[in-house]
Amino acid sequence: MIAGAAVRSLYRYPLKSALGEELARARITGRGIAGDRVRALLDTTTGRVVSAKNPRLWRALLTAAATTGGDGGVCVRGPDGAVLDEAGFTALLGRPVRLVDVPPAGAELERAVPEEVLSHGVDQEVPVTVGTLGSAAPPGTFFDFAPLHLITTATLAAVGGPAQAPATAPTWWSTPRAPPRSPRTTGSAASCGSARTSGSR
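Residue numbers (my numbering): 421 to 621.
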């Protein structure tokens, strides 16, 4: 059990690889936080799911922010505040894309090799790896790996990270009270309200 920690923030990302929204409370299901990663963009040229992990092609998506309305609908606004439709996404990203709410069978995405991006820059064409979505996530979701991610302030402090939660990725943001280093979560359990999870990394 991860003891001595408090949830500092909760985040939801309705559109994969776009900026998300901070929540005061969340309903956690077997598919993660309700409303999280319920939409994604498909590159109509390759048929692959758009992911900012290939920054040369898709980093502009990180300038868009997605929110969930009271009716459960997803609204995405571009950097100028205008609501984006498929034509708007295509203009923003410079490649034709399609908005989807169900992953295609065998959905794939590209990840640029991080060391190559650091060496050559985000504008350069670098080697990529191609993987499938959600090896530890329920079928039919747009998660890269698992439906819930926890990051601690202790972990960020250890690697010299920001004091605030990143704009993308973690869904739980916790502050360990003690010890001052990040707890080991592999094989351990964490509880938040009535939700109980087991750590895999």
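Virtual Cβ for every residue (Gly too), placed ideally from N, Cα, C.
Note that the structure is a prediction, hence the values are computed from the model and not measured.
Using a threshold of 8 Å, state whether the C-beta atoms of residue 476 and residue 564 are closer than that. To locate residue 476, count along the sequence shown from 1; it is residue 56. To locate residue 564, count along the sequence shown from 1; it is residue 144. No. Outside cutoff.
Counting beta carbon pairs with one atom in the region 446 to 460 and one in the region 560 to 578, are three or more of them shorter than 8 Å? yes
Look up residue 428 in the DSSP assignment and say whether it is helix, strand or coil. Here residue 428 refers to the residue found at position 8 when the sequence shown is read from its first residue. Correct three-state label for residue 428: strand.
Selected residue, minimal CA-CA separation from residue 496, among 533, 439, 478, 575: On the sequence shown, residue 496 is found 76 positions in, with the first residue counted as 1. For the residues 533, 439, 478, 575, the minimum Cα distance to residue 496 belongs to 439.
Spatial neighbours of residue 432 in its chain, beta-carbon cut-off 6 Å, leaving aside the 5 residues before and after: Taking the sequence shown and counting its residues from 1, one reaches residue 432 at position 12. So the qualifying residues of the chain are 440, 441, 443, 453, 455, 456.
Which one or two residues does DSSP pair with residue 518 in a beta bridge? If you number the sequence shown from 1, residue 518 lands on position 98. BP columns for residue 518 point to 462.
Rounded to whole angstroms, what's the CA-CA distance from residue 434 to residue 535? Just pull it up for me. Residue 434 sits at position 14 when you count from the first residue of the sequence shown. Residue 535 sits at position 115 when you count from the first residue of the sequence shown. Approximately 29 Å, taken between the alpha carbons.
How would you call residue 430, buried or exposed, if buried means at least 16 neighbouring beta carbons within 10 angstroms? Your numbering for residue 430 matches position 10 in the sequence shown. Buried, by the Cβ-count rule.
Can you grab the Cα-Cα spacing for the pair residue 437 / residue 499, in whole Å? Counting from one through the sequence shown, the residue named residue 437 turns up at place 17. Counting from one through the sequence shown, the residue named residue 499 turns up at place 79. If you take the alpha carbons of residue 437 and residue 499, they lie about 14 Å apart.
Below 8 Å, can you find three or more Cβ-Cβ pairs linking the region 457 to 471 to the region 511 to 528? yes
What alpha helix (DSSP H) runs, 4 residues minimum, are completely inside the region 494 to 574? 506 to 513, 534 to 540
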